[in-house]
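Residue 345 in the UniProt record's numbering sits at position 345 of the sequence shown; the count goes up by one each step and never skips. Only one structure is covered here, and it is reproduced in the block below.
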Amino acid sequence: MADTTTTASSMEVDEVQTDPLAGVESRVPQPSDRVHKDECTYCFDNAYSEGGILISLNSFFAVCPTHIEWFRNFEENTGFVRFRKVRNPPRQESDEPSTKIQKLSINVAPEDTIDKYTVVVYPNLENDIAIETLPPHICESASAIIASSMSTASLDATWDGEQRQVSENAKNLVQNPSPIQLPHYGWKCAEPGCDLKENLWLNLTDGAIRCGRMQVTNAGDTLPGKGHAREYYSKTGYPIAVKLGTIANNDADIYDYKMDDACIDPKLAQHLAHFGIDIDTLEKTEKSTLEMELDLNQKWEWSRCCEDGVSLESVYGPGFTGIINIGSSCYINSVLQILSLTKDFVQTYGEKAEDILRGLSPAEVNDSFNAQMAKVVAAMQSGRYSVEGRERNGFEPKQFRKVVGQGHSEFSTGRQQDAEEYMRHLFSKFDQYAPADSPNPVDAFRFKFENRLQDNTKAVTSGAWTEPSDAEPF
């Protein structure tokens with residue numbers, strides 16, 4: 001009996017020592033917890049990458065297999081949910097794009113993929129464990145992570161070129177008290193010397209008819225126009241105009257010159273009736289500005305596929321990394337590509353990226369401007385996301401956009417923005433957060449002013465310099 005007891009105890013010790021789940025700490029995410037499912041904390045590897053991403057069963061931060069050691073410096077938990085996306089076999093494609101542009105917008109197209117989840121235990125990351133075989137407390141934690149909807153793929157905003165706002169100028173428009181009565185057809189530009197009979201805009205304040213600007217059509221021709229409608233607004237200040245020939249179904253191509261954008265006139269029928277025009281009797285005879293833009297975008301999409309017969313050679317490797325559009329992020333991509341060509345920018349955030357990232361906990365990396373900037377620059381300079389022959393290249397700066405835009409009334413939204421304004425916003429961030437032991441990237445964009453006074457009779461000059469630290473960038 002004594003021998004049997006000893007043997008059993010030895011077996012129990014062996015089982016404890018070899019328990020694959022030893023060191024796994026798990027909990028169920030609460031409503032206040034964010035589950036990170038988009039990208040590695042330290043790089044832009046994601047569920048599409050080889051090995052997928054690993055989501056901690058305890059802190060819910062994500063890390064890739066490459067940076068697991070950095071992660072382990074701050075968290076002892078050894079259990080992770082491995083999240084991988086596997087593409088379905090491609091369908092047979094025709095020579096033309098599978099879908100035609102039906103809407104003037106920029107969005108992120110859904111992809112045909114299958115999500116796969118398993119659990120792995122560090123350091124045996126090659127050993128995937130089926131979730132349903134795990135103890136209930138771990139299974140519950142993993143299932144909650146899988147069910148989490150915090151993946152920002154569902155939050156990616158789109159830019160909608162067809163979205164129009166109700167114009168306050170149109171809503172509160174005061175029309176001239178003695179209106180002219182206009183016919184329902186046969187219009188022409190009333191500007192002296194201009195007899196254009198198409199591309200005409202009716203000013204809704206006084207009934208003046210003027211031509212719009214010249215526009216290029218889908219066929220490559222030009223729609224005549226001399227811009228007399230805008231000139232008329234500059235002279236009179238009357239802001240609302242409607243394009244004749246586009247009025248139908250109680251809607252039309254309407255422009256607010258004061259707002260400088262297309263708009264909706266909630267009182268369009270009333271405003272037209274003021275000039276004797278019955279909106280219900282009008283028929284659409286011309287394309288709206290939006291429809292012409294849509295045609296041009298359709299032509300651009302098709303020519304882009306073919307490159308108009310010219311074969312362009314793609315380039316790959318360090319310094320040639322693209323940034324994937326994550327929904328109205330074109331302005332971010334443009335600014336980052338420009339900055340990546342600046343030596344001080346690369347030196348401050350690219351060459352020292354590991355020092356910046358490795359010294360911060362996952363939570364700090366997630367919220368740090370310097371860490372997110374270092375992560376982006378390292379991705380652009382390393383060539384890790386620009387490999388010839390790889391199906392998926394480039395990276396998606398989702399957390400970067402959130403951190404940089406936090407607290408800003410415009411850049412915290414998903415709306416389209418101005419690139420120059422965004423660059424100035426980044427410059428203010430550099431001035432505030434750039435590491436003290438590195439060059440401030442903004443200095444590369446600053447310049448000096450010299451004020452010079454010269455007495456031509458005595459050839460005496462005097463001058464004063466504005467130092468770079470005090471100068472405005474461009």
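Even glycine gets a Cβ: it sits at the ideal position worked out from N, Cα and C. Quantities reported herein were computed from a predicted structural model and do not represent experimental measurements.
Inset, instruction - Run the CB neighbour count on residue 192, radius 10 Å, all protein chains shown included, and call it buried at 16 or more, exposed below. - result: exposed
Legend entry - Residue from 67, 59, 39, 69 with nearest C-alpha to residue 83: 39
Legend entry - At least three beta-carbon pairs within less than 8 Å, the segment 356-370 to the segment 311-326: no
Inset, instruction - Assign residue 235 to buried or exposed, taking buried as 16 or more other Cβ atoms, counted over all protein chains shown, within 10 Å of its Cβ. - result: exposed
Inset, instruction - For the beta strand (DSSP E) containing residue 399, list its first residue and its last residue. - result: In this chain, residue 399 is not harboured by any beta strand (DSSP E); it is covered by the alpha helix (DSSP H) spanning 398-405.
Legend entry - residue 454, buried or exposed, once every other Cβ within 10 Å from all chains shown has been counted against 16: exposed
Inset, instruction - Would you mind working out which of 257, 344, 209 sits nearest residue 446, comparing C-alpha positions? - result: 344
Inset, instruction - Within its chain, find whatever has a CB closer than 6 Å to the CB of residue 125; leave out the 5 residues flanking it on each side and keep chain order. - result: 65
Legend entry - Sequence-distant residues of its chain with Cβ nearer than 6 Å to residue 457 (five each side left out): Nothing meets the Cβ criterion.
Inset, instruction - Taking residue 433 as the reference, give the member of 46, 451, 403, 409 with the closest Cα. - result: 403
Inset, instruction - Would you identify the three-state DSSP class for residue 419, choosing helix, strand or coil? - result: helix
Inset, instruction - Using 10 angstroms around the beta-carbon of residue 174, count the other beta-carbons present and answer buried if the total reaches 16, otherwise exposed. - result: Exposed, since its Cβ has fewer than 16 Cβ neighbours within 10 Å.
Inset, instruction - Using 8 Å as the cut-off, classify the Cβ of residue 223 as near or not near the heavy atoms of the ligand MN, replying yes or no. - result: Looking for the ligand MN in the displayed structure turns up nothing, as the structure carries no ligands at all.
Legend entry - C-alpha gap between residue 290 and residue 80, whole angstroms: 49 Å
Inset, instruction - Pick helix, strand or coil for residue 211, following the three-state DSSP scheme. - result: strand
Inset, instruction - Identify, in the order they occur along the chain, each residue of the same chain with its Cβ nearer than 6 Å to the Cβ of residue 164, setting aside the five sequence neighbours on each side. - result: 262, 263, 264
Inset, instruction - Measure the alpha-carbon distance for residue 443 versus residue 375 and round it to whole angstroms. - result: 21 Å
Inset, instruction - Decide if residue 73 is buried, meaning its Cβ has at least 16 other Cβ atoms within 10 Å, or exposed. - result: exposed
Legend entry - For residue 445, three-class secondary structure by DSSP: Annotated three-state conformation of residue 445 is helix, per DSSP.
Inset, instruction - Take residue 210 as the anchor and find which of 146, 183, 244, 119 has the nearest alpha-carbon. - result: 244
Legend entry - For residue 37, the first and last residue of its enclosing alpha helix (DSSP H): First-last for residue 37: undefined, no H or E at that position.
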